[in-house]
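Protein chains in written order, with our numbering: chain A, 1191 to 1427; chain B, 112 to 404.
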Amino acid sequence: MIVTEQKSFEEILEMLEGYKNLILVGCGGCATKCLTGGKEQIQEMKQKLELQDKKIIKTIFIDDAVCDQRFIRLEYLENREFFEKADVIQVFACGVGAQTVSDLIGDQILVYSGVNTRFSGSMERMGLYFERCSACGECILHLTGGICPVSRCAKGLLNGPCGGSKDGKCEITNSKIIESKGYDVDCAWYLIYERLKKFGKLDNLKKIFPAKDWTDDQKPQQIVRDLLIEFIEANSE
Amino acid sequence: MSSLQKKLDEGKFVVTAEIGPPKSAVEDSIIEKAKMLKEHIDAANVTDNQRGVVRMCSLAGCHLLVHSGVEPVMQMTCRDRNRIAIQSDILGAGALDIPNILIVTGDHVLLGDHPMAKSVYDLDSIQTIQMIKLMRDEGVDFAGNELKSPPNLYIGATANPYADPYELQILRLEKKVEVGAQFIQSQAVYDLERFEQFLDDVQYLDVKILAGIVPLKSDGYARFMNKRIPGIRIPQDMIDRLTKAKDKEQEGIQMAIETCIELKKMKRVDGIHIMAIFWEEIVPEIVQGAKLR
Ligand code: SF4
Ligand code: SF4
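Given below as structure tokens:
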């Protein structure tokens, strides 16, 4: 999922200064699991903003996910009169969700994000999230025991651990910054090693991983599937 | 042509030392340190923003060494440059008659004085060595485009016998040698037993080995190093020895000399690399004390 953190209420108020009529958008996908844009958070945000003299003309909650533009398009078609009255649409979904809304109606109404998007990660339980993938475009998990060195090694190394790996921990564990956050960082290569050893596959690491081709990581990426092209062609005939 | 390479190939025991460039645009300290060390070492490394702390670049530092009559080893990390920038610096090094290069991964920016910086690591150290060898031996850049005059560099890498997982550290060194590393410099040696084990384990590799020495200034400094410097492992009994000593600096120098004497006895050790971090003035004393040259 895409892991988000809600912006502070002060920051939200600051960006909304001078605007009164708001639409709040929540997301039933990742933002619900991150407790940043779920039904409860939207309700709570509505009350807090109303206390600050804001008018919430509508709250929209997309049960599926805001990043699928078909849902927000439907909302827009059905509730046009509300959209026409709004000064700002404040989206409580990841940056992708916010831009899905802004791609659709951002030229008519201001679209703001109420969250900071942090990373693609897993959720072990409510409130505990781990970064797991940097969308590098060339997945090597089958070679590294299902543990991603691109996103989980602090340096994204592909040919084994750096010289800072100590007692299973990454060298950044010893930085004041990580210390102040109060957690340890496992050395990804230590985890990969233990995993491959268990499966008798340490040989996977003997080959030299060549320099990564970042071509498929240059931004912005887009994908057009053949099936879509075929569909469009079939329907235009 | 690298005289460091020549000496090592001839089987001569060499001594190199690290020179930390200043956080300054004025070059006096490098020239001063070069003068001080000149008679005692075979080459000097200039570090590349070591620990992620901004300092004068190693390319400029090495150029100053060439002019001071000290053969430089240009250190280069993978942390701050992508493959385009690294190759461009390599060509620059060639043009400035810098004969040796040492590739390191580079300490993470979170440990340095710019933790807010974006780190690069486009290539890892193995891929970087691969690239430099390609430039030198095939006369092409990493994308295969021809270089008019390829750089002629003696290529070095690092190894850390004290990092984990040990087996992967050996494997990584094997890969470094496979792609073109000709000499390696070890992380600071304190625990001689583990180092000897390491030498045994890499005996089959065709590479020259310089053992690293980082003299300790005090027990407090040793504890700081253990905690904050990546890859350092100082045994408690050495720290205790410093705690008990009246003159801690002198004791630290004495300990470094003792370690050097032991290292020189080891057959697989081809030289010593002294990293007296911003304490370079003690290098001559260690070299003489341990009769390294
Ligand atoms: S290698 Fe890592 S970053 Fe790349 S796609 Fe796979 S999980 Fe994601
Ligand atoms: S200690 Fe491990 S995880 Fe951290 S940068 Fe080095 S190899 Fe990567």
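We put the beta carbon where it would ideally sit given N, CA and C, even for glycine.
Integer-rounded CB distance, given that residue j should sit under 8 Å from residue i
i: B/I343; j: B/M336; result: 5 Å
i: B/V220; j: B/G131; result: No, B/V220 and B/G131 are not in contact; Cβ-Cβ is about 18 Å, not under 8 Å.
i: B/A274; j: B/M386; result: That pair is no contact at about 16 Å.
i: B/A155; j: B/T127; result: 6 Å
i: A/I1330; j: A/A1378; result: With a Cβ gap of about 12 Å, A/I1330 and A/A1378 do not count as contacting.
i: B/G291; j: B/I212; result: No, B/G291 and B/I212 are not in contact; Cβ-Cβ is about 11 Å, not under 8 Å.
i: B/K375; j: B/A401; result: 7 Å
i: A/I1192; j: A/I1279; result: That pair is no contact at about 19 Å.
i: B/I383; j: B/A322; result: 6 Å
Rounded straight-line distance, which links the Cα of residue j to that of residue i
i: A/E1230; j: A/I1299; result: 25 Å
i: A/L1206; j: A/G1216; result: 17 Å
i: B/A270; j: B/Q280; result: 7 Å
i: A/C1326; j: B/S179; result: 46 Å
i: A/T1334; j: A/I1382; result: 6 Å
i: B/P341; j: B/G223; result: 11 Å
i: A/G1186; j: A/S1292; result: The structure shown does not extend to residue 1186 of chain A, since chain A is modelled only from 1191 through 1427, so no value can be given for it.
i: A/D1376; j: A/S1310; result: 18 Å
i: B/V288; j: A/G1390; result: 25 Å
i: A/R1260; j: A/W1404; result: 31 Å
i: B/A206; j: B/P262; result: 8 Å
i: B/Y301; j: B/I324; result: 8 Å
i: B/D381; j: B/D139; result: 32 Å
i: A/N1364; j: A/D1374; result: 9 Å
i: A/P1400; j: B/I209; result: 27 Å
i: A/I1422; j: A/D1258; result: 19 Å
i: B/N160; j: B/R166; result: 5 Å
i: A/Y1302; j: A/F1282; result: 9 Å
i: B/S199; j: B/D252; result: 10 Å
i: A/D1243; j: A/K1210; result: 8 Å
i: A/D1393; j: B/L282; result: 10 Å
i: B/I195; j: B/E129; result: 26 Å
i: B/R305; j: B/C371; result: 15 Å
i: B/Q314; j: B/D191; result: 33 Å
i: A/M1203; j: A/L1294; result: The displayed chain sequence assigns Leu, not Met, to residue 1203 of chain A. Near 24 Å, if we compare the C-alpha coordinates of A/L1294 and A/L1203.
i: B/M366; j: B/S114; result: 30 Å
Three-state secondary structure (DSSP) of residue i
i: B/K149; result: coil
i: A/D1416; result: helix
i: B/R190; result: coil
i: B/G400; result: helix
i: A/C1217; result: strand
i: B/I364; result: helix
i: B/C173; result: helix
i: A/E1314; result: strand
i: B/S236; result: helix
i: B/D120; result: helix
i: A/D1243; result: coil
i: A/K1356; result: strand
i: A/N1394; result: helix
i: B/M242; result: helix
i: A/P1339; result: helix
i: A/C1284; result: coil
i: B/N156; result: strand
i: B/H178; result: helix
i: B/N263; result: coil
i: B/I385; result: strand
i: B/E138; result: coil
i: A/P1400; result: coil
Buried or exposed by the 16-neighbour rule on C-beta atoms within 10 Å, applied to residue i
i: B/D351; result: exposed
i: B/L327; result: buried
i: A/S1198; result: exposed
i: A/N1425; result: exposed
i: B/Y332; result: buried
i: A/P1410; result: exposed
i: A/K1356; result: buried
i: B/I237; result: buried
i: B/K144; result: buried
i: A/V1414; result: exposed
i: A/V1256; result: buried
i: A/K1388; result: exposed
i: A/M1235; result: buried
i: A/L1417; result: exposed
Residue i Cβ short of 7 Å to ligand 4 heavy atom set
i: B/A196; result: As presented, the structure is devoid of ligand 4, carrying ligand 1 and ligand 2 as its sole ligands.
Checklist entry - Taking Cβ-Cβ distances below 7 Å as the criterion, which residues of the stretch 260 to 271 of chain B are in contact with chain A? => result T269, N271
Item to check | Contact list for the stretch 1370 to 1393 of chain A against chain B, Cβ threshold 9 Å | outcome: C1377, W1379, Y1380, I1382, Y1383, E1384, K1387, L1392
Checklist entry - What are the residues of the stretch 358 to 385 of chain B that lie near chain A, defined by any Cβ-Cβ distance shorter than 8 Å? => result none
Checklist entry - Of the residues that make up the stretch 1341 to 1375 of chain A, which ones have a beta carbon closer than 7 Å to any beta carbon in chain B? => result A1344, K1345, G1346, L1347, L1348, N1349, G1350, P1351, C1352, G1353, G1354, S1355, K1356, D1357, G1358, E1361, I1362, N1364, S1365, I1367, I1368
Item to check | Proximal residues, the stretch 279 to 300 of chain B versus chain A, C-beta separation under 8 Å | outcome: L279, Q280, L282, R283, K286, E289, V290, Q298
Item to check | Near-chain A residues of the stretch 333 to 348 of chain B - C-beta to any C-beta below 7 Å | outcome: K338, R339, P341, G342
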